[in-house]
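Q: Its first residue numbered 174, the sequence shown is counted upward by one per residue in the numbering used here.
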Amino acid sequence: MTLSLQMSVHGRWDGMNKMIGTCGMCNEGKPLIQAHAIPHAVFRDIHRDNGGSAVVISDDHRKLHRSGKSGQDRILCGECDGRLNIAFDAPTINFLRSFRSELNTARSKVIGHFDNNVLAAFLMSVIWRAALSSDPMYANVALTPRTKEMIRRILTEDAVGLFDIASFSVRNLVDGSGSDGFDGHSLSSLVLAPVFQRHPNGKHSWQFAMIGFLFEIFIPRLSLLRRQDPALLRRGATVVRPSNLDIFDNRALMKMMMAGFSKHEQGHSILRDRVLKK
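#1: Kindly indicate which residue of Ala425, Gly375 and Pro415 has the alpha-carbon position closest to the one of Val368.
#2: Alpha carbon to alpha carbon, how far is Arg326 from Met431? Give it in angstroms, no decimals.
#3: Quick check on His143: buried or exposed, where buried means 16 or more other Cβ atoms within 10 Å of its Cβ?
#4: Below 8 Å on the Cβ atoms is my contact criterion, and I expect Leu269 with Ile390 to pass it. Report the Cβ-Cβ distance as a whole number of Å.
#5: Just checking my contact of Arg302 with Ala210 at CB under 8 Å: how many whole Å lie between their CB atoms?
#6: Taking all protein chains shown into account, decide if Pro415 is buried (16 or more other Cβ within 10 angstroms of its Cβ) or exposed.
#7: Regarding Gly194 and the ligand SAM, is the C-beta to nearest heavy atom distance less than 8 Å?
#8: Using only CA atoms, which one of Ser340, His286 and Ile206 lies nearest to Ser453?
#9: Going along the chain, which residues of its own chain have a beta-carbon closer than 8 Å to the beta-carbon of Asp411, five neighbours each way excluded?
#10: Over the uninterrupted beta strand (DSSP E) stretch that includes Met323, give me the two end residues.
#11: Locate the alpha helix (DSSP H) running through Ser298, then write down its first and last residues.
#12: Measuring alpha carbon to alpha carbon, tell me which residue in Phe336, Phe388 and Leu346 is nearest Ser396.
#13: Can you name the start and end residues of the alpha helix (DSSP H) that Ser271 belongs to?
#14: Which term fits Val182, buried or exposed, when burial requires 16 or more other beta carbons within 10 angstroms of its beta carbon?
#15: Quick one: what does DSSP say Val215 is sitting in, helix, strand or coil?
#16: According to DSSP, simplified to helix, strand and coil, what is Lys203?
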């Protein structure tokens, strides 16, 4: 997971200190704002609970450190960023926060109720925006120009069409290692930037985590048989049934945690307390 922020932008500045460039959504030359792939609200919640910053773990040479940044880059104009926020980001984040609270306190299985079309569009828009961004957090996210344009068109014209090209799953992150493991609140503070996964038969997927959920987008979409998984979103559905996923059973999460513990053990850290608690 990489949360460090070294902004790189392309375009020109006008006389009012506004960055002018081509908006990734409308393709028009406009002032660009600091837009986010994973919404800023997710990081704001984490930073508020952790003194204004969060621990950053990466699998490269950088030391363990804290950062108050949230992966922004000038990729969208204000109008398009606002439309994405109103249509997808705000309703999805509000639902996930509420659903997370229910899951953290429930003694039995909980089913969420939310427009699957909106949730799928939100998930795909995160990957799409990450591919546009030059922020280091999303350095490993790449889509072909053809794929980026196809997603852009679907997001602007008919988000329901996303189910024709991809499948979307939602997993509830848990730690089954016992009473000393991560609780629901701790897992809610974990953010995993999108990670690419290869699968048999030429398929691949993108995984990312936030608010205690692991989301996965399979491209191309899964077979009809595999689409029977209850954890998959469905076109036109309003029910969300995430299956539990132990964090130690996921390769991307394990890689992130092993990198963090390894750096801690080697003293490759600038954290004040030098402690990573399990």
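Just so it is clear, CB atoms sit at the ideal spot from N, CA and C, and this is done for glycine as well.
In this text the structure is predicted, and so the values were computed from the model without any measurement.
A: Let's see:
#1: Ala425
#2: 39 Å
#3: The structure shown has nothing for residue 143, since the chain only spans 174 to 451.
#4: Leu269 to Ile390, Cβ: 16 Å. No contact.
#5: 4 Å
#6: buried
#7: Within the structure as shown, the ligand SAM is missing, as the structure has no ligands at all.
#8: The displayed coordinates of the chain run from 174 to 451. Any statement about residue 453 would go beyond what the structure contains.
#9: A small fix is needed here, since residue 411 is Thr in this sequence, not Asp. His286, Phe287, Asp288 and Asn289, listed in sequence order.
#10: Premise fails: Met323 lies in the alpha helix (DSSP H), Pro318 to Glu330, not in any beta strand (DSSP E).
#11: Residues Asn289 to Leu305.
#12: Phe336
#13: Ala263 to Thr278
#14: Unreliable positioning characterises Val182 in this predicted model, as indicated by a pLDDT of 34, which lies under 50. The coordinate reading is nonetheless provided below. The residue is exposed, with fewer than 16 neighbouring Cβ atoms inside 10 Å.
#15: helix
#16: strand
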